[in-house]
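Undergrad: Quick note on numbering: this note's numbering labels position 56 of the sequence shown as 44, and the sequence is numbered without any gaps. Got a structure for you, questions after.
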Amino acid sequence: MDGRKIILIHQGALGDFLLAWAGMLAVVRQGGSPVYWAGKPGYFPFVAPLGVKPADAPLRAAVAACYGATALPDPLAEARLVWFGLDRNPLPPALAADPRVLFVPMLDGQAPPAAVVAAALARHGLVVKEDAMAEFRRLFGPWSPSPDATVLLFPGSGHPRKCWPRDRFIALAQALQQAGEAVAFILGPNELEQGWSVPGFLAHTPDALPELASLLRGCRAVVGNDSGPMHLAGLLGVPGVAIFGPTSEHQWGPPGLMHLTADTPCRPCTRTTRDLHCPQARCMDAVTVQMVCHALMAAQGTSLSSQASCCSPGSVSNSRTT
């Protein structure tokens, strides 16, 4: 970019961060400038192998001060800020117009966020190459299941209306277990706060993203809602099923996974869930255990035990991208 220090910033959800990761790789690859991370600290393990350094406390404080500033704070005066966000630049107008600040949007109509990021960076001479997924797997390890690997179930998401009903996840786990599959749940902070319990099943509660990535690399397959862990699974090459309801699988679907939807006329109804106010997510309620079992078989390219009553083909609308 001109030799100045570059500061990468992403403060959003995990799935959004992973959709923007290829863009961050493009920024680093342009070379000639030291790059620092001032986004969510928990995401740093996924940029550190790119040669990105952690921003120190004064640098982070300067970035935080940008939200209410009329000019770039002094520690940032000789830096370039590359700020990834959905569709709203969070900075005051004076900073948003500063040529040292590049806001990279992730939303433009119904286009997939990764494509929007690539287009935004291309306007500044930065090229997002098609090898980003291969590079992610090279850096963080590809999917490599053991013979006794488990099917991991992810019942959470960033919005309650994007969640498949809890009793369906339990019924799915029981059906898979009866079919001879080893099953485990992954419970995040939200599920733990809600008092989730899964009697009779193993439950993992990873404390950090590297632990989650390790569980994913060694599992047999995944099933979950529209959520960040599904995007991580797809990037690592794990087969599985992402269940979509209010949001569009064509816009937000994790590459590499089967995208399962029900045929309800009201969906998709939101891009960001900011305007999601339906009292009951009928689109999620309409997804049956049979549908998920059938999609999981298709995603793995294999069949589960013929004794599994849930695994007869159901009505399913899905897509798979790689």
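Note that CB positions come from ideal geometry on N, CA and C, so glycine has one too. Computed from a prediction, not measured in an experiment: that's the story for all the values here.
Report the rounded CA-to-CA distance for H147 versus P153, giving the unit in angstroms.
TA: Cα to Cα, H147 sits roughly 13 Å from P153.
Undergrad: Does any heavy atom of the ligand NAP sit closer than 7 Å to the C-beta of M218?
TA: No copy of the ligand NAP appears in this structure; indeed no ligand is present at all.
Undergrad: So for R68, helix, strand or coil by DSSP?
TA: strand
Undergrad: Determine the DSSP secondary structure at G228, reduced to helix, strand or coil.
TA: strand
Undergrad: Write down the C-beta distance between G206 and S145 rounded to the nearest angstrom, noting that I regard them as a contact closer than 8 Å.
TA: So it is not a contact: roughly 23 Å between Cβ atoms.
Undergrad: Can the beta-carbon of A287 be found closer than 8 Å to that of P227?
TA: Yes, they are a contact pair.
Undergrad: Please list, in chain order, all residues of the same chain as A120 whose beta carbon is under 6 Å from its beta carbon, the five residues on each side excluded.
TA: A10 and L13
Undergrad: Hey, how far is the Cα of Q162 from the Cα of V211?
TA: 14 Å
Undergrad: Between P101 and L7, which are expected to be in contact by the criterion C-beta below 8 Å, what is the C-beta distance as a whole number of angstroms?
TA: That pair is a contact at about 4 Å.
Undergrad: Out of G3, A172, T193 and S202, point me to the one whose CA is closest to L127's CA.
TA: Considering only alpha carbons, the answer is S202.
Undergrad: Taking the beta strand (DSSP E) that V128 falls in, what are its first and last residues?
TA: Residue 128 is actually Phe in this sequence, not Val. Element bounds for F128: not the beta strand (DSSP E) but the alpha helix (DSSP H), A120 to F128.
Undergrad: By DSSP, does L245 sit in helix, in strand, or in coil?
TA: coil
Undergrad: Can the beta-carbon of L204 be found closer than 8 Å to that of A221?
TA: Yes, the pair counts as a contact, with Cβ atoms nearer than the cut-off.
Undergrad: Look at the alpha carbon of E118 and the alpha carbon of F124, and state the distance between them as a whole number of angstroms.
TA: 11 Å
Undergrad: Residues in its own chain within less than 8 Å of A43 by CB, not counting five upstream and five downstream?
TA: I(-5), Y24, W25, A26 and V51
Undergrad: Using only alpha-carbon positions, find the residue among G73, E169, H247 and V89 that is nearest to L64.
TA: V89
Undergrad: L340 by DSSP, collapsed to three states: which one?
TA: The question about residue 340 has no answer here: the residues shown for the chain are numbered -11 through 310.
Undergrad: What is the C-beta distance between T193 and A170, in whole angstroms, given that I count them as a contact (C-beta under 8 Å)?
TA: With 8 Å as the limit, T193 and A170 do not qualify as a contact, their Cβ atoms being about 18 Å apart.
Undergrad: On the three-state DSSP scale, how would you describe A170?
TA: A170 sits in coil when the DSSP states are folded into three classes, being neither helix nor strand.
Undergrad: Short check: CB of G216 to CB of A36, under 8 Å?
TA: Cβ atoms of G216 and A36: not closer than 8 Å.
Undergrad: Measure the alpha-carbon distance for M279 versus D62 and round it to whole angstroms.
TA: Taking the straight line joining both Cα atoms gives about 56 Å.
Undergrad: Look up P301 in the DSSP assignment and say whether it is helix, strand or coil.
TA: Per-residue confidence for P301 stands at a pLDDT of 41, beneath the threshold of 50, marking its modelled position as unreliable; the derived number appears in the next sentence. Looking at P301 - three-state DSSP - the assignment turns out to be coil, as it is neither helix nor strand.
Undergrad: Are the beta-carbon atoms of R(-8) and R68 separated by less than 8 Å?
TA: Against a cut-off of 8 Å, the Cβ pair of R68 and R(-8) comes out as a contact.
Undergrad: Might you give, ordered along the chain, the residues of its own chain that have their beta carbon closer than 7 Å to the beta carbon of G30, omitting 5 neighbours on each side?
TA: A196 and L197
Undergrad: Pull up the CB-CB distance for M218 and L245, whole angstroms please, since I reckon it's below 8 Å.
TA: 6 Å
Undergrad: Mapping the DSSP letters down to three states, classify H(-2) as helix, strand or coil.
TA: strand
Undergrad: Please report the Cβ distance between L83 and A57, rounded to the nearest whole angstrom; I am assuming they are in contact, meaning their Cβ atoms lie under 8 Å.
TA: 6 Å
Undergrad: Along the alpha helix (DSSP H) that carries W240, what are the first and last residues, could you check?
TA: E237 to W240
Undergrad: Which class does K(-7) belong to by DSSP, given the choice of helix, strand or coil?
TA: strand
Undergrad: If we ignore side chains and look at the alpha-carbon of each, how far apart do N77 and D4 end up?
TA: For N77 and D4, the distance between alpha carbons rounds to 15 Å.
Undergrad: On the DSSP letters alone, give me the boundaries of the alpha helix (DSSP H) that P198 sits inside.
TA: L197 to G206
Undergrad: Going by beta carbon distance, what residues of the same chain come within less than 8 Å of G302, once the five residues before and after it are set aside?
TA: Reliability of the predicted coordinates at G302 is poor, the pLDDT of 37 falling under 50, and no value is obtained from them.
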